[in-house]
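J.: In my numbering, the protein residues as written are 245 to 440. Just so it is clear, CB atoms sit at the ideal spot from N, CA and C, and this is done for glycine as well. All values derive from a computational prediction rather than experimental measurement. Here it is: the structure, laid out below.
If you want it as structure tokens, here you go:
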């Protein structure tokens, strides 16, 4: 179980390192009209985005283009998000693993992730996590930045189902354009069965 949490940290570091581009992209209202539903995890996402589930309750990659999805999944030595690209990793943390963390708050989990990611070359510097209520769910969030990328992590407590992490990354200066997608995914996300 603890190894799976370690995998979460590795996934976060890899996806953040993907955002080595720059520039900006167009903004605007976001409509989440597509549905992902597999392995007990469901959420809405924008039309035109691509998803790839790793299976067995592992992370689900989501991006605004196939190129961004490929960059988010590539090895850390070849990762790049170009201007306008956005990537999200959704990681279910099953109830058994959440229970093994007994008494650990969402703020503590985000602080631990921040410290683990900070040891990675090119990793972001994260601010202090804050408590948040997202779609009526207890949660916490934190934002980070590096020389070339911005990131935001939302962690949700889904009660008896476990926790859900929504991690988004963009080229530097673009995270505000991804934030409505991150919030929308978090608001509508459900984890209905044990995963992993």
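So, is residue 388 buried or exposed, given that buried needs 16 or more other C-beta atoms within 10 angstroms?
T.: Taking all protein chains in view, the Cβ of residue 388 is crowded by 16 or more other Cβ atoms within 10 Å, so the residue is classified as buried.
J.: Rank 302, 431, 382 and 294 by C-alpha distance to the C-alpha of residue 309 and give the top, closest one.
T.: 294
J.: Rounding to the nearest angstrom, what Cα-Cα distance links residue 420 and residue 275 in this structure?
T.: The alpha-carbon atoms of residue 420 and residue 275 are separated by roughly 16 Å.
J.: Looking at the unbroken beta strand (DSSP E) that takes in residue 410, where does it start and where does it end?
T.: Run containing residue 410: 406 to 415, per the beta strand (DSSP E) assignment.
J.: Here's the rule I'm using: 16 or more other beta-carbon atoms within 10 Å means buried, otherwise exposed. How should residue 329 be labelled?
T.: Buried, by the Cβ-count rule.
J.: Which of helix, strand or coil does DSSP assign to residue 427?
T.: helix
J.: Could you tell me whether the segment 276 to 283 touches the segment 394 to 401, using the rule of 3 or more Cβ pairs below 8 Å?
T.: no
J.: Where do the ends of the beta strand (DSSP E) carrying residue 402 lie?
T.: No beta strand (DSSP E) contains residue 402, which DSSP labels as neither H nor E.
J.: Report the start-end ranges of each alpha helix (DSSP H) in the segment 301 to 340 that is 4 residues or longer and not cut off at the edges.
T.: 310 to 317
J.: From the DSSP output, which residues share a beta bridge with residue 381?
T.: 378
J.: Using C-beta distances below 6 Å, list every residue in its chain close to residue 254, excluding the 5 sequence neighbours before and after it, in chain order.
T.: Note that residue 254 scores 42 on pLDDT, short of 50, meaning its location in the model is unreliable; the coordinates nonetheless yield the value given after this. Excluding its 5 nearest sequence neighbours in each direction, residue 254 has no C-beta neighbour in its own chain below 6 Å.
J.: Going by beta carbon distance, what residues of the same chain come within less than 6 Å of residue 409, once the five residues before and after it are set aside?
T.: 335 and 399
J.: So residue 291 and residue 277 are supposed to be a Cβ contact under 8 Å. How far apart are they, rounded?
T.: 5 Å
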